[in-house]
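Take a look at the structure set out below.
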Amino acid sequence: MRKTTLATTTLTAAAFTLPAGVQAQSGAVTIELPRVSDPNYRKPYLAAWLEEASGKPLAVSAVLHDQSRIGSRWLSELRTWWRKRGRDMTMPADGISAPTRAAGRHTIAIKGLAGLGDGTYRLVVEAAREKAGREVVNVPVVIRGGQVRAASAQGHRELGHVRVSPRG
Numbered sequence: 355m356r357k358t359t360l361a362t363t364t365l366t367a368a369a370f371t372l373p374a375g376v377q378a379q380s381g382a383v384t385i386e387l388p389r390v391s392d393p394n395y396r397k398p399y400l401a402a403w404l405e406e407a408s409g410k411p412l413a414v415s416a417v418l419h420d421q422s423r424i425g426s427r428w429l430s431e432l433r434t435w436w437r438k439r440g441r442d443m444t445m446p447a448d449g450i451s452a453p454t455r456a457a458g459r460h461t462i463a464i465k466g467l468a469g470l471g472d473g474t475y476r477l478v479v480e481a482a483r484e485k486a487g488r489e490v491v492n493v494p495v496v497i498r499g500g501q502v503r504a505a506s507a508q509g510h511r512e513l514g515h516v517r518v519s520p521r522g
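Just remember that the working numbering sits 354 ahead of the position in the sequence shown, which is counted from 1.
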């Protein structure tokens with residue numbers, strides 16, 4: 355059985371190399387899953403991935419879901435991720451898949467940034483719960499001089515504060 359901490363989950367993203375003069379350092383995203391007052395509360399499925407500003411997906415950083423065979427059939431509830439990358443992936447995927455998480459703050463490494471040059475990208479975080487809501491939050495990822503600039507966005511129901519930060 356694999357041990358993970360509740361507050362921090364570290365997952366790796368696929369590496370990319372794009373033509374550019376300076377390549378970015380790695381970064382991290384901290385995702386807040388709010389406490390929901392619902393007697394039938396289920397932990398959300400969650401996907402986080404990096405896109406070009408145009409919307410072209412670059413790397414999937416994490417997919418948190420029920421690891422059982424039955425749980426995999428609900429991955430399509432993460433509709434945006436499913437359309438862009440999910441339906442072409444075999445789950446569980448090493449280094450990307452992890453169990454769902456309870457309410458709280460969770461940090462995920464975004465190592466796919468290491469090969470990207472200066473520019474503006476987007477980190478997309480999508481959360482969905484069984485018989486409940488679904489939410490997508492987009493966080494701009496700006497890389498200048500090889501450094502990831504801190505940025506954040508606020509979710510409203512399924513996601514709380516989502517923050518991208520540099521990580522040396």
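The C-beta atom is built at its ideal place from N, Cα and C for all residues, glycine as well.
Keep in mind that this is a model prediction, so the values were computed, not measured.
- Here His460 is bridged, per DSSP, to Ile385.
- Rounded to whole angstroms, the separation of the alpha carbons of Glu406 and Gly381 is 16 Å.
- With a cutoff of 8 Å on beta-carbon distance, Leu400 and Ala413 are scored as not near each other.
- Comparing alpha carbon positions, the residue from Arg437, Gly449 and Arg521 closest to Gly409 is Arg437.
- Pro398 counts as buried, since at least 16 other C-beta atoms from the protein chains shown sit within 10 angstroms of its C-beta.
- In this structure, Glu512 is the residue among Arg521, Ile462 and Glu512 with its C-alpha nearest to the C-alpha of Glu484.
- Bridge partners of Leu477 according to DSSP: Leu404 and Val493.
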